[in-house]
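Here is the structure we will look at.
Numbering (this note's numbering), first residue to last: 102 to 222.
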């Protein structure tokens, strides 16, 4: 049971690391539904932790709730980001918007570089 709690805690605390990678459309996860992610995670946990069938059935709804909430939050974050961009375009000139997009891109690239350095890549 301690292993199960540890694995759940580890999976929940690893989410902020992925959140720093950028918007919710990371190519490795963008095409996976929450249900698919849960199945993959459960398969790995079951193997690594030697979960019983009973434990798998108990863990599945916990992970599914988490991944569904994350997907919803991601969609909301994308919508808010688009709304801000639209409002800014009403105030800023085309040149300023272009410069802002360039600054954002540079910021993303810098963040990715730091992430690779942190991971040893």
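Note that CB positions come from ideal geometry on N, CA and C, so glycine has one too.
Whole-angstrom distance between residue j and residue i, CA atom to CA atom
i           : j           : result
residue 190 : residue 198 : 7 Å
residue 160 : residue 178 : 27 Å
residue 162 : residue 181 : 28 Å
residue 151 : residue 171 : 27 Å
residue 203 : residue 166 : 37 Å
residue 211 : residue 186 : 21 Å
residue 195 : residue 206 : 16 Å
residue 147 : residue 176 : 29 Å
residue 153 : residue 173 : 30 Å
Close beta carbons around residue i, own chain, < 8 Å, minus the five adjacent residues each side
i           : result
residue 201 : 189 and 193
residue 144 : none
residue 140 : none
Under the three-state DSSP convention, the category residue i falls into
i           : result
residue 143 : helix
residue 181 : helix
residue 205 : helix
residue 194 : coil
residue 134 : coil
residue 189 : helix
residue 152 : coil
Neighbourhood of residue i by C-beta distance below 6 Å, restricted to the same chain and skipping five residues each side
i           : result
residue 169 : 135
residue 92  : The question about residue 92 has no answer, for the chain in this structure spans 102 to 222.
residue 184 : none
Beta-carbon proximity check, residue i vs residue j, cutoff 7 Å
i           : j           : result
residue 142 : residue 164 : yes
Residue i Cβ short of 6 Å to the ligand SAM heavy atom set
i           : result
residue 149 : This structure simply doesn't include the ligand SAM, nor any ligand for that matter.
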